[in-house]
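Only one structure is covered here, and it is reproduced in the block below.
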Amino acid sequence: MSATLLLAQVLNGLQYGVMLFLLAAGLTLVFGIMSFVNLAHGSLYMLGAYAAAVVGVQTGSFTLSVLAAVATGAAVGMALEWVAVSRLYRRDHLDHVLATFGLVLFFNEVVRMIWGSQPVFVSLPESLSGTVDIFGFTYPTYRFLIIAVGLLVAVGSQWLIHKTRVGMLIRAGSVNPQMVSALGVNIRLLNAMLFALGSALAALAGAMAGPILSVQSGMGEPVLITTLVVIVIGGIGSVHGALYAGIIVSLVDTLGRTFLPMLIREFASREVANAAGPALASMLIYLLMAVILALRPQGLFPAHKA
Amino acid sequence: MKNIALAKCFAVGAAALTLSAAHAEIKIGFTGPLSGPVAAVGQDQYDGFMLGIEALGKKLGGESVSVLREDDQLKPELGNQIARKLIDRDKVDAIVGLGFSNVLMASLPRIVESGTVAIATNAGPSPLAGAGCLPHVFSMSWQNDGTAEAMGKYAQDSGYKRVYLMAPNYQAGKDYVAGFKRYFKGQIADEVYTQVNQPDYSAEIAQLQSAGADAVFVFYPGGMGVNFVKQFSQAGLMKKLPLLSAFTVDGTTISSLRDAAVGTISGAMWDVALKTPGNTEFISNFTKKYGRVPSHYAAVGYDTAKLLDIAVRKVKGNTTDKDAFAAAVKAAGTELKSIRGPFRFNSNNMPVQNYYAFQTIKEGNDFTVKLLGNPLPDHQDAYVAQCKAK
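Those protein sequences? They're chains P and W, same order as listed.
Per my numbering, numbering of the first sequence is gapless, rising by one per residue and ending at 306.
Per my numbering, numbering of the second sequence is gapless, rising by one per residue and ending at 390.
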């Protein structure tokens, strides 16, 4: 095991981490502030990837395709909030789960009807499809872009939440929504905007993931499970928690996947390591979540100190 | 008035009876994954099968035919239910498709009990090829190890010294790695098993770069293959390391990969580059009808229609004697002019066929494959000796 391999794996972890952050930020806000469980978050990720794929092939511009995805995410999120979600806030969490699971099935089927069951092609401009040489390792340029975009969004969201009036209302709303609305703030509009923002971030994540992943119906569900782990570890409603937890979860996952089988090989036979390594590595993040839930049920970085 | 109505009833009844006596139409049940992440695989089998029936004038062996279509959603328990429904309620003459290995194995109990002829178009699991072989159950596609064995042989013939192996961590993944190793005698740089449906392979790709292998063999079906090949290619490895694969790049995924797949070497029993009789016609008809290029799944579906046509003709449309019908299917395998080249059923009802090596290339603006060679001509699987059926 060399230092460069470790460096490459840390980069991989970072890239996966910011990706998880983009998904978790919106989900954690909606969950933390509106107390709404949104399983359809992965569908917005999928829609973002499809929007970027379609616009990218039509225009040939990567920037335009990402902007189109963000716009689609915001528009669909807004519409969804208005049509369905806003009617469910007062219901309990089981109703949220049922309704948004229905939406997942709906969106998957719509996508399949329009684009078919085969994965769609996503274009990547020549300038981004190259590689960067780091100490003898070739690392895809595009992954650096993902890291940059993710960190930019992290800084932007910190600024939004801590330095702006909207952010102040969001923070206030997460503690006591009734009080905020009693003070004359249109909490419904705030909720709708927040939901749209979260959806736009999910769509951005989808657009960024398109060039490296298979864009197909149902692509949002596996990643949603990991995202839920991230928001539980980070603390529900905490955006900076989502960032740190995203990076922790992805580093644990990436490094576990790479080094755990190697570690087991040190004291067990190759066959045992090949069988046990991947199985254990796939459990790591859930074990981490279980430990954190047991010791710090409010998460590692809660939004407000209780 | 009453009498006339009654007479009419009798007349209709009698007509229905004579029809059934003259022999009802042939009823085929098709099952496969038609929704979810691998829906494209099931859809291609179905479309290929229907194209074959259409090419035969919507008839099998001169008898009119109806096809019932069922979606197994890649769920073994659902596959089992569907097999029961098709046999007990719809009374089909044969079941075609049967999905992935796990679904096929789960569907078997009622099929075995009833003796219904079943033709798998996407799987040939080793238990069914070996000690558990069945006289009524056929695989029209492949014994599962075939493509991996072909890639192992290809790696051996190409003189690669150290090969790095990767597959998802489940039974099929392990079978493919074992199949590769059966014919590759060189050194294995490493054997890596990843989580099933893992989206990101960047960690494994970094590891692979430091392993000093001179070729890579992977088995990543469906979306996993798209993910892996995109990321492998983006890491700039396509030009450095030959990528050998089984079920990773195929007709269902090449259109979404395009440039990223160029250079990939795949083992398969059929692809568009084959110049066998009838193949060009099949490809152009399929493309015309469905607006996409067929995959090997579609080719198997198409062959199955032709196989059933010969078999039904052999029994003169009388499928009531199931043993005779199964024997006819087996004999039809030898007569069939398959678009994949030489074909026959072995004593375990698995195919004896060529496993080719293809390479993905760019031709103008199109992405297609070229034939590299035929590492395993007339290949029979490693399990046939364990099969006790005649």
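Here a beta-carbon is modelled for each residue, glycine too, at the ideal position from N, C-alpha and C.
(message) With a threshold of 7 Å between beta-carbons, can P:L151 be considered close to chain W, or not?
(response) no
(request) Spatial neighbours of P:S65 within its chain, please: CB distance less than 6 Å, with the 5 preceding and 5 following residues excluded, ordered by chain position. (result) A52, V55 and G56
(request) Check each residue of the region 264-281 of chain P: if its Cβ is closer than 9 Å to any Cβ of chain W, include it; give the result in chain order. (result) R270, N274, A275, G277, P278, A279 and A281
(message) If the cut-off is 7 Å on Cβ atoms, which residues from the region 205-228 of chain W count as contacting chain P, listed in chain order?
(response) Of all residues in the region 205-228 of chain W, those with a C-beta nearer than 7 Å to a C-beta of chain P are A206, Q207, Q209, S210, G223, V226 and N227, reading in chain order.
(message) Would P:I212 pass as an interface residue toward chain W - the criterion being a Cβ-Cβ separation below 7 Å?
(response) yes
(message) Which residues of the region 264-298 of chain W have a Cβ closer than 7 Å to any Cβ of chain P? Give them in chain order.
(response) Against chain P - using a Cβ distance shorter than 7 Å - the region 264-298 of chain W contributes no residues.
(request) Could you list which residues in chain W have their beta carbon closer than 9 Å to that of P:N12, in chain order? (result) Per Cβ cutoff of 9 Å: D200, S202, A203, I205 and A206.
(request) Pull up the distance between the alpha-carbon of P:A3 and that of W:F219, whole angstroms please. (result) About 29 Å.
(request) Could I get the ranges of all uninterrupted alpha helix (DSSP H) runs contained in the region 209-249 of chain W, with 4 residues as the minimum, in chain order? (result) 223-234
(request) Could you work out which residues of chain P lie near W:K432, taking near to mean beta carbons separated by less than 9 Å? (result) This structure leaves residue 432 of chain W out entirely; chain W is present only between 1 and 390.
(request) Assuming W:I265 and W:S233 form a contact by the criterion Cβ under 8 Å, report the distance between their Cβ atoms to the nearest whole angstrom. (result) Incorrect: roughly 14 Å between the Cβ atoms, too far for contact.
(request) Taking W:Q231 as the query, report the chain P residues whose CB atoms sit under 7 Å from its CB, ordered along the chain. (result) I212
(request) Let me know if P:W159 comes out buried or exposed under the rule of 16 or more other beta-carbons within 10 Å of its beta-carbon. (result) Result: exposed.
(request) Mind listing the chain B neighbours of W:T194? Cutoff is C-beta to C-beta under 8 Å, in chain order. (result) Absent here is chain B; the protein component of the structure consists of chains P and W.
(request) Out of P:V223, P:Q216 and P:P261, state which residue places its alpha-carbon closest to the alpha-carbon of W:E204. (result) P:P261
(message) Let me check one thing: in DSSP terms, what residues is P:Y139 bridge-paired to?
(response) DSSP, once it has assigned bridges, lists P:V132 as partnering P:Y139.
(request) Give the straight-line distance between the Cα atoms of W:L17 and W:D378, rounded to the nearest whole angstrom. (result) With a pLDDT of only 47 at W:L17, under the threshold of 50, the placement of this residue in the model should not be trusted; the figure read from the coordinates follows. Computed Cα separation, rounded: 48 Å.
(message) Mapping the DSSP letters down to three states, classify P:N186 as helix, strand or coil.
(response) coil
(request) Locate the beta strand (DSSP E) running through W:S66, then write down its first and last residues. (result) E63 to D71
(request) Compute the distance between the beta-carbons of W:A39 and W:T252, then report whether it is under 7 Å. (result) No, the Cβ-Cβ distance between W:A39 and W:T252 is not below 7 Å.
(request) Mark P:L94 as exposed unless 16 or more other C-beta atoms lie within 10 angstroms of its C-beta, in which case mark it buried. (result) exposed
(request) Specify, as a first and last residue, the run of the alpha helix (DSSP H) that W:R182 falls within. (result) Run containing W:R182: Q171 to Y183, per the alpha helix (DSSP H) assignment.
(message) Per DSSP, what are the beta-bridge partners of W:D145 in this structure?
(response) Bridge partners of W:D145: none, in fact.
(message) Please identify the residue among P:L5, P:S61, P:A74 and P:S282 whose C-alpha is closest to the C-alpha of P:A205.
(response) P:A74
(request) Would you list the one or two residues that DSSP bridges to W:H379? (result) W:Q353
(request) Could you confirm whether any beta carbon from chain W is found closer than 7 Å to the beta carbon of P:G220? (result) no
(request) Taking the CB atoms as reference points, tell me whether P:M208 and P:I170 lie closer together than 7 Å. (result) no
(request) Rounded to whole angstroms, what's the CA-CA distance from W:A172 to P:P222? Just pull it up for me. (result) 21 Å
(message) Counting C-beta neighbours from all protein chains within 10 Å, is the total for P:F107 16 or more, i.e. buried, or is it exposed?
(response) buried
(request) Please state whether DSSP places W:G29 in a helix, a strand or coil. (result) strand
(request) Please report how far the alpha carbon of W:M140 lies from the alpha carbon of W:A120, in whole angstroms. (result) 6 Å
(request) Would you identify the three-state DSSP class for W:S107, choosing helix, strand or coil? (result) helix
(request) Can you give me the Cβ contacts of P:G173 inside the same chain, cut-off strictly under 7 Å, excluding the 5 residues immediately before and after it? (result) I33, V180, I187 and L190
(request) Give the DSSP-derived three-state secondary structure of P:P119 in the structure shown. (result) coil
(request) Using the Cα positions of W:A385 and W:P294, report the straight-line distance between them to the nearest angstrom. (result) 34 Å
(request) Please list the partners that P:Q58 has in chain W, where partner means a Cβ-to-Cβ separation under 7 Å. (result) Simply none; closest approach about 16 Å.
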